[in-house]
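2 protein chains.
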Amino acid sequence: MSGMDRPSSTPFRFPVAARYAGMESSPLKDIFALAAKEGVTSFAGGIPDRELFDLGPVQEAYDWVLTHRGHRALQYGVSEGEAELREQAARRISRTLPTDASQIRVTSGSQEGLFVVAEALLEPGDVVLVESPTYLAAVQAFAVHGARMVGVDTDEEGVIPEALEEAIRTHHPRMVYLIPTFQNPTGRTMGVLRRRQVAEVLQRSDVPLIEDDPYGELSFTGSTWAPIASLPGMGERTLLLNSMSKLMSPGVRIGWIRAEGPILDTLAVAKAAISMQSSVVDQLTVARYLETADLDAHVRTVAEVYRERRDAMARAIAPILPEGAHVTHPDGGMFLWAALGEGYDAQTMLADAVEAGVAYLPGWSFFAEHADRSTMRLSFVTHSPAVIEEAIASLGEVIARHPR
Amino acid sequence: MSGMDRPSSTPFRFPVAARYAGMESSPLKDIFALAAKEGVTSFAGGIPDRELFDLGPVQEAYDWVLTHRGHRALQYGVSEGEAELREQAARRISRTLPTDASQIRVTSGSQEGLFVVAEALLEPGDVVLVESPTYLAAVQAFAVHGARMVGVDTDEEGVIPEALEEAIRTHHPRMVYLIPTFQNPTGRTMGVLRRRQVAEVLQRSDVPLIEDDPYGELSFTGSTWAPIASLPGMGERTLLLNSMSKLMSPGVRIGWIRAEGPILDTLAVAKAAISMQSSVVDQLTVARYLETADLDAHVRTVAEVYRERRDAMARAIAPILPEGAHVTHPDGGMFLWAALGEGYDAQTMLADAVEAGVAYLPGWSFFAEHADRSTMRLSFVTHSPAVIEEAIASLGEVIARHPR
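In the order they appear, the protein sequences are chains A and B.
When we follow the working numbering, the leftmost residue of the first sequence carries the number 1, and every step to the right adds one.
When we follow the working numbering, the leftmost residue of the second sequence carries the number 1001, and every step to the right adds one.
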């Protein structure tokens, strides 16, 4: 029990699992760091405007829970989620897809939902088919489980059914991950016919669908889209993820997964292993909020503001884009997606942009493979039209200084 | 795009990852189900008495946060955790181990802390050395990462240094997981000399320590134990986990990991992949509570009540145990551990016990290997002395009907 084998001046190094080797940071962490930089108008993060939070009713809901359900709110709950919240979630989903509270699994935001799904389904070496481009934090949750992402070609309506079928035949994927409505990062939406075609491909090939729908209610046209999970035969083969982050609050970290059958048990066991259960205080508060506040009216108000900001950004960005560039015009959600075209590198340009007081998210990180480095994602939700116009004008000057 | 390859009457089955195959439930979920059964006095779960929650000050803290930090509380935070909470955590740890806020990573309870550690460190096939017996939910978080648990022999003071050194030599473990103070499930505590001996073994062999300390402040004697992490040379090679679950509220789901050096970055990246960040509302509330309420006084009050209950259980259980049985007498925490002795099977006996209106947790599930099936864990914190005495008397009748 005496003497060391090595000099104490050598600092100890923890062994790091291969899945995190060389990852001193994560793409999303870098977004948040960038967004926080003094004097920069950031379009990088998908960060709601805090002035639009429904703070009064949320505070009332916390107060009610702590006053009337205080002892229960501070006590252990269950891994599946609190009954009241599961009922409210089922009620909302049932507008388009009949759902019972027993089919809901509560998660600490959609990120934990994606991680729970990956835990439950993925083996190292599995292929996950994703839209090209797709949401980078989902990719990360899948990648740390040893999955290999394969991007499927998309057009203005999202994933192309023939490309999906071909990719399934070639890669034998464990699952397909799609964000059909107001997609991140492109803002694109799959129409009804396209949804049916995709559903047919998935049923024919028996590949499960992970349907991520955090933005679907943020519609600028009044139209909303029923999830693919609601199409005939799809409910049983889809894990549908919703989140309160974009509708009520990202800081409260509450989302849920809707599923059918035995996988519900596996999801609960995985959730228990990961974090036992989500905050009972937050769960009961969100349930109370959904029961008593008018979330639909709140979302309409928020969407109206977001629509004005999309208009402002769309107007401002059109004249500053180089010839041959392309930009999406989303009917909802939070993001515009611009492709400057061959010769441009949005990553290289970012330092200049930040110098000029404007930040965006370079698009390359959203591609599983064959990245288009001329792309950028711009969130239009955080700033007022005036701020958007000024910052996009600055971005225009930066682009003009970076000829292809 | 037409026709299915298989009849639609065959229900779809999701593929389940091997790590969860056959796990339709988890040991901890079963505890909670058992604990909830009508008419049963349950000693199974480590469930705080809700009447002892510091509800008023907790509610005040939520109210203050939502009134004065409302917009920030509802907004995205950072994966590392909110600054105020990290400062409060560092302040508490610094009583025995100098710690800066930058060395704290916030987690959604200790369970997520253990999962984050497993994510960051473990490769499939790695060996984790654990106390025999040890905390079963930690084992689960390690096991789903493909680790193999090897139990190290313990005595009245926890893990035996010579056995630990021998196990390290034999198994080349990735890490050692210990609960040195008021251990779960045994209630045992490592003395100061034992801690030094264990620290020497770990430094000599260069194996990192995962030190789980959720109960350490719940002392019945006035004495508290500095963590092994505070011994010379151990801070840099230890991940120290604390939780607010047993001190303030399990429903709020806030804990933290204390670490040094580059592993802090990996822990933050893993946390981001798992759940992005913990509830900002809950984090700021716990920070406010730690800043303004007197947690130490609250914990003293709780510990005084728990001490009376330990005394009640110790008094009641002594006469009902068969000859040759053994029961621990913890100086803090939540659990008594009883070994009935050869021939008894606590698992088999449980159905009879529940029938007689009393539940405990069979001890076999706490062993990584070579389970002593005559053991049981009894939490003494949930019920009053009178209820404890009556239920333990009923347990005595059940034991008497189950001769070895």
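Glycine residues also receive a C-beta, built at the ideal position from the N, C-alpha and C atoms.
As the structure is a computational prediction, the values presented were derived from the model and not from experiment.
Quick check on the DSSP output: the beta strand (DSSP E) that includes residue i runs from which residue to which?
i       : result
Y177/A  : M175 to L178
T1107/B : I1104 to T1107
S275/A  : Per DSSP, S275/A belongs to no beta strand (DSSP E); it is in the alpha helix (DSSP H), I263 to S275.
E131/A  : V127 to E131
T1292/B : Taken as a continuous stretch (DSSP letters only), T1292/B belongs to no beta strand (DSSP E), being part of the alpha helix (DSSP H) at V1280 to T1292.
R377/A  : T375 to S379
T1238/B : T1238 to S1243
I1257/B : G1255 to R1258
Against chain B, does residue i count as a neighbour if the rule is that its beta carbon must be under 8 Å from one of theirs?
i      : result
R194/A : no
I392/A : no
S384/A : no
M1/A   : Here the model assigns M1/A a pLDDT of 37, short of 50, so the residue's position is not dependable and the matter cannot be decided.
F279/A : Looking at the sequence itself, residue 279/A is Ser, so the reference to Phe does not match. True, the Cβ-Cβ gap to chain B drops below 8 Å.
P7/A   : For P7/A, the predicted model reports a pLDDT of 49, less than 50, meaning its position is unreliable; a value from the coordinates is still stated below. Closer than 8 Å: no.
List the residues of chain B that residue i touches, going by C-beta distances under 7 Å, in chain order.
i      : result
E123/A : A1017 and A1018
For residue i, go through chain A and note every residue whose CB falls closer than 7 Å to its CB, in chain order.
i       : result
R1401/B : In chain order: nothing, as chain A lies at least about 32 Å away.
Y1062/B : Y62 and L66
E1157/B : Simply none; closest approach about 15 Å.
T1170/B : Going along chain A, no residue has its Cβ under 7 Å from T1170/B, so there is no contact; the nearest lies around 17 Å.
E1112/B : I274 and S275
If we cut at 8 Å on Cβ distances, does residue i have a partner in chain A?
i       : result
F1012/B : yes
I1179/B : no
V1387/B : no
D1282/B : yes
R1174/B : yes
F1367/B : no
Q1347/B : no
P1227/B : no
R1237/B : yes
F1115/B : yes
Q1059/B : yes
D1265/B : yes
Q1140/B : yes
Which chain B residues sit within Cβ distance under 9 Å of residue i?
i      : result
Q75/A  : I1047, P1048, R1050, F1053, S1249, P1250 and G1251
H298/A : Under the 9 Å cutoff, chain B gives no residues; its nearest Cβ is about 13 Å from H298/A.
D100/A : Simply none; closest approach about 17 Å.
Taking the alpha helix (DSSP H) that residue i belongs to, which residues open and close that run?
i       : result
G1056/B : L1055 to H1068
F1142/B : L1136 to A1143
L209/A  : Looking at the DSSP string, L209/A is not in any alpha helix (DSSP H); the run it does join, the beta strand (DSSP E), is L209 to D212.
T348/A  : A346 to E355
M313/A  : L295 to I317
A89/A   : A83 to I93
R1404/B : Unbroken run through R1404/B: none, as it is neither H nor E.
If contacts are defined as beta-carbon pairs under 8 Å, then residue i and residue j qualify, I think. What distance do you get, rounded to the angstrom?
i       : j       : result
Y344/A  : S365/A  : The pair is not a contact, with the Cβ atoms about 16 Å apart (cut-off 8 Å).
R1064/B : R1288/B : The sequence as given places Trp at residue 1064/B; Arg does not occur at that position. Contact flag correct, Cβ pair sits at about 5 Å.
R307/A  : F220/A  : 4 Å
Y1062/B : L85/A   : So it is not a contact: roughly 18 Å between Cβ atoms.
P180/A  : I104/A  : With a Cβ gap of about 20 Å, P180/A and I104/A do not count as contacting.
V1387/B : T1010/B : In fact, because the Cβ distance is near 52 Å, the residues do not count as touching under 8 Å.
Which residues in chain B have a C-beta closer than 8 Å to the C-beta of residue i? List them in chain order.
i      : result
M376/A : Result: empty, since nearest Cβ-Cβ is about 20 Å, beyond 8 Å.
G109/A : S1275 and M1276
H71/A  : R1050, E1051, F1053 and L1055
Whose Cβ in chain A lies nearer than 9 Å to the Cβ of residue i?
i       : result
F1119/B : A small correction: the amino acid at residue 1119/B is Glu; Phe does not occupy that position in the sequence shown. Going along chain A in sequence order, the residues near E1119/B (Cβ under 9 Å) are A17, R19, Y20 and V144.
At a CB-CB cut-off below 8 Å, which residues of chain A make contact with residue i?
i       : result
P1208/B : F12, F14 and P15
Which bits of chain D does residue i rub up against, with CB to CB less than 8 Å?
i       : result
G1261/B : Within the model displayed, chain D is absent; protein chains A and B are what it includes.
Under 8 Å: do the region 376-388 of chain A and the region 1010-1023 of chain B share three or more Cβ pairs, one atom per stretch?
no
Within the chosen definition, does the region 1130-1137 of chain B reach the region 1351-1370 of chain B through at least 3 CB pairs nearer than 8 Å?
yes
Pairs of beta-carbons, one from the region 392-399 of chain A and one from the region 159-169 of chain A, closer than 8 Å: are there three or more?
no
When the Cβ atoms of the region 1065-1081 of chain B are set against those of the region 1262-1282 of chain B, are three or more pairs found closer than 8 Å?
yes
Meets three-Cβ-pair contact criterion under 8 Å: the region 241-258 of chain A and the region 103-123 of chain A:
Inter-segment contact for the region 241-258 of chain A and the region 103-123 of chain A is present: three or more beta-carbon pairs are separated by less than 8 Å.
Do the region 135-152 of chain A and the region 91-103 of chain A meet, that is, are 3 or more Cβ pairs less than 8 Å apart?
For the pair of segments examined, the region 135-152 of chain A was found not to touch the region 91-103 of chain A: the number of CB pairs separated by less than 8 Å stays below three.
If contact is defined by three or more beta carbon pairs under 8 Å, each pair taking one atom from either stretch, is the region 188-208 of chain A in contact with the region 296-311 of chain A?
Result no; under three Cβ-Cβ pairs closer than 8 Å.
Are there three or more Cβ pairs, one per stretch, closer than 8 Å when the region 41-60 of chain A is compared with the region 1226-1235 of chain B?
no
Check whether the region 395-402 of chain A and the region 346-359 of chain A are in contact - that is, three or more C-beta pairs closer than 8 Å.
yes
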